[in-house]
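Colleague: Shown below is the structure under consideration.
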Amino acid sequence: MNQPWRDAVRPISADEWPRVKELRLSALRDPAAAIAFLESYERALAEPDSFWKERAEAAAGGSRVRQFVAEGPDGVWSGTVTVLIEEAGNDDVFGVTVEQRQAHIVGVFLRPEHRGSGAIDALFEAAVEWAVSVAKVTRVRLYVHEDNARAEGFYRRFGFVRSGVTAPMKGDPSKTEVEMVLDRPGAPPALP
Ligand SMILES: CC(C)(COP(=O)(O)OP(=O)(O)OC[C@H]1O[C@@H](n2cnc3c(N)ncnc32)[C@H](O)[C@@H]1OP(=O)(O)O)[C@@H](O)C(=O)NCCC(=O)NCCS
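In the working numbering, the protein residues as written are 1 to 192.
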């Protein structure tokens with residue numbers, strides 16, 4: 001693992017909501033956005049400042065959501081991941097009842113110029129560490145679109161495997177979102 005990136009990863013703070021907004025809007029303008037995110041750029045752009053303030057506040061200090069960013073030496077945020085803690089019995093983003101308390105990693109994005117740099121590994125290490133050691137979950141999952149080969153390639157490298165669960169994609173039920181689970185949450189990351 002690339003030590004500089006590990007040192008560059010940190011949780012956001014609530015007052016950083018304008019940067020949270022800017023990075024999210026950049027993600028939603030990415031060519032991969034249609035297969036990467038459930039939200040549209042137009043919808044996010046129309047949200048008032050209060051939406052971004054509430055989102056950042058919840059993701060900064062709460063026990064149910066935590067957003068991490070990788071901040072380069074120039075202060076620019078290179079990418080982000082967000083961890084949602086899902087409680088058994090609640091509905092998930094696809095309306096399916098959650099069977100066991102678990103972490104769900106969402107909002108995975110690196111700016112194009114930082115892809116292939118190792119930044120995403122550092123972000124996932126921080127996210128999984130928080131989910132396992134602080135939020136105390138024993139299952140970590142995410143969904144990836146069936147056509148998002150690059151993202152799935154990274155998830156596999158990090159230790160995620162397909163669970164066998166799929167969900168129809170919102171807005172395009174002919175396409176499938178594939179659930180992947182971390183094979184051994186809490187195990188140290190594999191050496192490169
Ligand atoms: C997903 C994302 C965060 C991954 O970060 P990254 O730095 O690009 O990932 P990496 O380059 O480290 O790893 C990607 C892996 O997939 C492989 N890969 C790249 N393009 C591929 C393709 N078209 N088909 C199959 N595998 C591919 C790479 O070789 C690499 O595997 P390897 O390390 O075993 O060689 C980044 O690409 C991104 O932000 N994409 C746009 C948003 C997105 O798709 N988010 C995920 C939503 S689920």
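Glycine included, C-beta positions come from ideal geometry on N, C-alpha and C.
Is DSSP giving residue 65 helix, strand or coil here?
Modeller: Correct three-state label for residue 65: strand.
Colleague: Distance cutoff 7 Å, beta carbons only. Does residue 7 sit that close to anything in chain B?
Modeller: The chain inventory of the structure shown lacks chain B, comprising one protein chain alone.
Colleague: Starting from residue 4 and walking both ways along the beta strand (DSSP E), at which residues does that stretch end?
Modeller: First-last for residue 4: 3-8, but that is the alpha helix (DSSP H), not the beta strand (DSSP E).
Colleague: Considering only heavy atoms of ligand 1, does any lie closer than 6 Å to the CB of residue 150?
Modeller: Yes.
Colleague: Please go through the same chain and pick out, in chain order, the residues whose beta-carbon is closer than 7 Å to the beta-carbon of residue 126, but skip the five residues on each side of it.
Modeller: Contacts found: 9 and 68.
Colleague: Does the separation of the CB atoms of residue 141 and residue 104 fall below 7 Å?
Modeller: Yes, they are a contact pair.
Colleague: Can you tell me whether residue 136 is helix, strand or coil according to DSSP?
Modeller: Coil, per DSSP.
Colleague: Taking the alpha-carbon positions, what's the residue 181 to residue 12 distance?
Modeller: So the two alpha carbons sit approximately 25 Å from each other.
Colleague: Contact check, residue 159 vs residue 184 under 8 Å by CB: the rounded distance?
Modeller: Confirmed, Cβ separation roughly 7 Å.
Colleague: Between 63, 174 and 20, which has its C-alpha nearest residue 55's C-alpha?
Modeller: Taking only the C-alpha atoms, the option nearest residue 55 is 20.
Colleague: Taking only runs that begin and end inside the stretch 7-76, name each unbroken alpha helix (DSSP H) of 4 or more residues, in chain order.
Modeller: DSSP runs (the alpha helix (DSSP H)) wholly in the stretch 7-76: 17-29, 33-36, 41-45 and 49-61.
Colleague: Quick check: does the Cβ of residue 115 come within less than 6 Å of any heavy atom belonging to ligand 2?
Modeller: Looking for ligand 2 in the displayed structure turns up nothing; the ligands present are ligand 1.
Colleague: Indicate whether the contact test is met: 3 or more Cβ pairs, each with one atom in the stretch 113-130 and one in the stretch 74-93, closer than 8 Å.
Modeller: With a cut-off of 8 Å, the stretch 74-93 and the stretch 113-130 count as touching, because enough Cβ pairs lie within range.
Colleague: Tell me whether residue 23, by its Cβ, gets closer than 6 Å to a heavy atom of ligand 1.
Modeller: Residue 23 Cβ: outside cutoff for every heavy atom of ligand 1.
Colleague: How close, in whole Å, do the beta carbons of residue 98 and residue 89 come, if the pair is a contact with beta carbons under 8 Å?
Modeller: With a Cβ gap of about 7 Å, residue 98 and residue 89 count as contacting.
Colleague: Smallest Cα separation from residue 24: which of 171, 111, 166 and 172?
Modeller: Ranking the options by Cα distance to residue 24, first place goes to 111.
Colleague: In angstroms with no decimal places, state the Cα-to-Cα distance between residue 134 and residue 45.
Modeller: Taking the straight line joining both Cα atoms gives about 33 Å.
Colleague: Considering only the alpha carbon of each residue, which of 71, 38, 178 and 115 lies closest to residue 161?
Modeller: Checked all of 71, 38, 178 and 115; the closest Cα to residue 161 is 178.
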